[in-house]
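Q: Here it is, the structure in full.
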Amino acid sequence: MGRRLPSRSKLINSLLLGGVLLAGIVFTYLLITVASDSEFVSSVGVGVNAILTILLIIIYYRQNKIIEGQMEVQKEQTRLAKSRYTPYLVGPFDFRYNLSDSEARLKLANSGEGVAQNLTLYVEAEARGDDHDFQIHTYENPMKRSGDNSGDISILHPNEGRVEFRCSPWVGLSEGDTPPGYESLDTMIAHLIEEGVSSFRLGFYVRYKDRFGNEEDPLGREYEVFVFETRTAHSIDVDDVFDSISETSP
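Per my numbering, the sequence shown starts with residue 2, numbered consecutively.
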């Protein structure tokens with residue numbers, strides 16, 4: 002194999018440093034040969050100092066550009082390394098809610114290159130009513146794969162698609178200054194309907210972490226529920242709420 006040629010940037014830096022050394026040698030030679038002419042020597046000194054200053058500025062600028070380039074390369078390498086263990090969930094698909102056991106079922110897919118773990122379902126809701134001041138509090142609902150009764154932490158491997166997970170979502174409901182009481186999602190919705198709220202918003206968010214414990218951006222969907230449908234002139238019940246949510250799931 003032949004000898005490896007120096008890079009272009011190293012070659013330019015070497016030439017600049019050589020120029021600085023050459024200017025210094027010329028200045029020293031002039032001092033020795035024409036030392037009697039102080040005015041001439043002074044003029045040459047000013048010129049040489051100016052040249053040296055310009056060359057040093059150019060070297061400093063080029064070194065900064067090289068350092069910036071190296072930092073960009075390091076950032077890109079870090080991004081590529083992180084992508085190898087970062088999960089990315091998509092969905093939810095085929096959302097279903099079983100009233101008999103107050104259990105939600107939804108399918109998720111992991112299109113990232115890392116393992117998603119600690120899958121947790123958060124339910125956010127906002128009730129709207131003229132005579133009520135309800136506050137709905139989120140609750141951490143661990144999820145696990147359907148058919149898995151081990152109770153272990155749920156995970157979703159890279160490139161796994163549409164795996165069904167389940168959980169029994171609970172939420173907190175309070176009115177005014179009263180402390181929240183925690184109950185199942187369907188019980189909370191039935192209570193809101195009985196209290197005469199006009200509408201409410203439901204949001205389902207799946208939170209998850211990578212294998213190093215870093216939390217990723219949550220995956221979520223929101224649904225707007227109107228308790229009284231003017232088109233059909235009848236009030237909806239809990240079954241209608243979850244039927245409408247299932248119909249809007251992709």
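Idealized CB from N, CA, C, for every residue including glycine.
(1) Relative to the alpha-carbon of residue 204, which residue among 126, 60, 101 and 94 has its alpha-carbon at the smallest distance?
(2) Would DSSP call residue 239 helix, strand or coil?
(3) At 4 residues or longer, and completely inside the region 148-224: list those alpha helix (DSSP H) runs for me, N to C.
(4) Spatial neighbours of residue 68 within its chain, please: CB distance less than 6 Å, with the 5 preceding and 5 following residues excluded, ordered by chain position.
(5) Would you report the Cα separation of residue 221 and residue 66, rounded to the nearest angstrom?
(6) Tell me the residue span of the beta strand (DSSP E) that contains residue 91.
(7) Whose CA, out of 63, 215, 176 and 160, lies closest to the CA of residue 196?
(8) Does the Cβ-Cβ distance between residue 157 and residue 198 come in under 9 Å?
(9) Which class does residue 244 belong to by DSSP, given the choice of helix, strand or coil?
(10) Could you round the C-beta distance between residue 239 and residue 190 to whole angstroms and report it? I think they count as a contact, below 8 Å.
(11) Determine the DSSP secondary structure at residue 54, reduced to helix, strand or coil.
(12) Can you give the Cα-Cα distance for residue 64 and residue 57, rounded to whole angstroms?
(13) Run the CB neighbour count on residue 243, radius 10 Å, all protein chains shown included, and call it buried at 16 or more, exposed below.
(14) When the Cα of residue 105 is compared with those of 137, 170 and 162, which residue comes out closest?
(15) Note down, in chain order, each residue of its chain lying with its Cβ closer than 6 Å to the Cβ of residue 91, except the 5 sequence neighbours on either side.
(16) Taking residue 106 as part of the beta strand (DSSP E), name the residues at either end of that continuous run.
(17) Roughly how many whole angstroms lie between the Cα atoms of residue 146 and residue 108?
(18) Closer than 8 Å by C-beta to residue 181: which residues in its own chain qualify, once you throw out the five before and the five after it? Chain order, please.
(19) If you drop the 5 nearest sequence neighbours on each side, which residues of the same chain put their C-beta closer than 6 Å to that of residue 241?
A: In short, the structure shows the following:
(1) 126
(2) helix
(3) 186-195
(4) none
(5) 43 Å
(6) 90-99
(7) 176
(8) no
(9) helix
(10) 5 Å
(11) helix
(12) 10 Å
(13) buried
(14) 170
(15) 110 and 112
(16) 104-111
(17) 9 Å
(18) 136, 138, 173, 174 and 175
(19) none
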